[in-house]
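Terminal number for the sequence shown in the working numbering: 537, no gaps in between.
No residue lacks a Cβ here, since even glycine has one placed at the ideal position from N, Cα and C.
Bear in mind the structure is a predicted one, so any value in this text is a computation, not a measurement.
This report refers to the structure that appears directly beneath it.
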Amino acid sequence: MPEIRRVAVLGCGLMGSGIAELAARAGFDTHVREIDDEFANKGRTAIEKSLNRAVEKGKLEAGARDAALGRIHMTTRLEDLAEADIVIEAVTEDLALKNRMFATLDKLCGPGTIFASNTSSLTIAAMAAATSRPDRFVGLHFFNPVPVMKLVEVVRSIATDGGVFQQALAFTRTLGKEPVEAKDTSGFIVNRLLVPYMLDAIRCLEQGLASMEDIDKAMTLGTGYPMGPFTLSDFVGNDTLHAIAGIMFDEFREPRFAPPPLLKRLVTAGWHGRKTGRGFYDYSDPKNPKPMSLQLT
Ligand code: CAA
């Protein structure tokens, strides 16, 4: 098995920037591809901000931050990822888009390159099929915020080679994460359980069980969750939750995965959560979010 030295990350949004930061901090030469210069600059700024935060908190030396930043190479060209030993894809949850990128990279990269997807709901088999290397294709599902959450779900499809899977598990440990093994089923472990819970909370709100703040309060103070379901949905992105739920509903055809109408309305209105300033809560004052008036009665 070729050793992993050079890491490529496709997409430098919320998840991609976190994954690139981890790889660079762990000492890997890290090449990150975004669609244009504006997104590439935004992505690099996000990584810098996160590294600075680690320095301010005393978790990282200023020298180590500078070294990590020096290992990050932003690009807009897929060709610049050709020498990577592992490519980790973290673009929008759109199978056609992912498959176009993987099919192109399949031709550019050498036969030893491992392909990995950070998908949260699509199956690995559906992406591996777009390439000539289904045996070298795994899922590496990270959690938001990537620098903080310890878990990575490492997913093998029916075609993944056993040695490649072991290498992927070892790679997540070199990034300082704790892996769990999961089979290639939509949502893997965490979203299989978390998504129906969040959707149920929205249905409870639609049915008038309690107010949004009280449901959030109940789940934080009553069960020790760090965020209640509405705060978490705004944090993950209501558009992301909606997309994941749609994919999981298509896979399982069970009502518990069906996106509730209220979630759909929020997405249509552009209330995607924290990142757009509005969701279930209004983040005009980010330190003091106010519940939105959703006119449910
Ligand atoms: N980047 C780096 N560090 C961050 C961070 C970020 N974006 N956000 C918070 N932190 C760090 C802080 O620096 C702080 O570190 P110290 O303890 O060393 O000071 C620590 O995390 C706690 O942060 P705060 O004190 O600011 O705030 P908090 O105590 O409210 O914690 C949180 C914030 C870690 C996000 C916590 O609320 C939490 O764990 N929330 C749940 C997150 C969750 O469930 N994530 C999974 C979502 S599902 C998913 O990602 C998968 C999917 O497919 C949809």
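Mind checking residue i: buried by the 16 CB within 10 Å criterion, or exposed?
i: Pro526; result: exposed
i: Ala485; result: buried
i: Tyr521; result: buried
i: Gln552; result: For the chain, the structure presents residues 241 to 537; residue 552 sits outside this window and is missing.
i: Asp334; result: exposed
i: Val327; result: buried
i: Ala330; result: buried
i: Ala408; result: buried
i: Arg373; result: buried
i: Asn478; result: buried
i: Lys297; result: exposed
i: Arg273; result: buried
i: Glu261; result: buried
i: Ser533; result: exposed
i: Lys457; result: exposed
i: Leu337; result: exposed
i: Asn431; result: buried
i: Ile455; result: buried
i: Thr371; result: buried
i: Ala410; result: exposed
i: Ile487; result: buried
i: Asp474; result: buried
i: Asn528; result: exposed
i: Ser524; result: exposed
Answer yes or no: the CB of residue i versus the heavy atoms of the ligand CAA, is any distance below 7 Å?
i: Asn281; result: no
i: Leu335; result: no
i: Lys338; result: no
i: Lys297; result: yes
i: Ile484; result: yes
i: Leu472; result: yes
i: Phe383; result: yes
i: Val331; result: no
i: Met389; result: yes
i: Val378; result: no
i: Asn431; result: yes
i: Val476; result: yes
i: Leu434; result: yes
i: Pro466; result: yes
i: Ser533; result: no
i: Ser257; result: no
i: Thr480; result: yes
i: Ser426; result: no
i: Ser397; result: no
i: Ser360; result: yes
i: Ser372; result: no
i: Ser290; result: yes
Starting from residue i, follow its DSSP beta bridges and name the residues at the other end.
i: Thr270; result: Val247, Ile312
i: Gly448; result: Answer is none; Gly448 lacks a bridge partner.
i: Val327; result: Ala248, Phe355
i: Lys299; result: None, per the DSSP bridge assignment.
i: Gly513; result: Arg518
i: Gly379; result: Ser357, Val395
i: Lys530; result: Asp522
i: Val420; result: Glu393
The ligand SAM and residue i: does the residue's C-beta get closer than 7 Å to at least one heavy atom of that ligand?
i: Arg293; result: Questions concerning the ligand SAM fall outside what the structure shown contains, since the ligands it does hold are the ligand CAA.
The region 444–455 / the region 415–423 touching (three or more Cβ pairs under 8 Å):
Between the region 444–455 and the region 415–423, the count of C-beta pairs closer than 8 Å stays below three; the two stretches do not touch.
Any 3 or more C-beta pairs closer than 8 Å across the region 335–347 and the region 305–317
No contact exists between the region 335–347 and the region 305–317.
How about the region 244–252 and the region 282–301: do they share at least three Cβ pairs that are nearer than 8 Å?
They touch, by the three-pair rule.
Would the region 362–373 and the region 286–300 be scored as touching if the rule is three or more Cβ pairs under 8 Å?
No: the two stretches stay apart, fewer than three of their Cβ pairs being nearer than 8 Å.
Do the region 496–515 and the region 429–440 meet, that is, are 3 or more Cβ pairs less than 8 Å apart?
These segments touch.
Does the region 390–409 touch the region 421–431, meaning 3 or more C-beta pairs lie closer than 8 Å?
Cβ pair count under 8 Å is three or more, so yes.
Using 8 Å as the Cβ pair cut-off and three pairs as the minimum, do the region 505–520 and the region 379–397 touch?
In short, these stretches do not touch, since the Cβ pair count stays below three.
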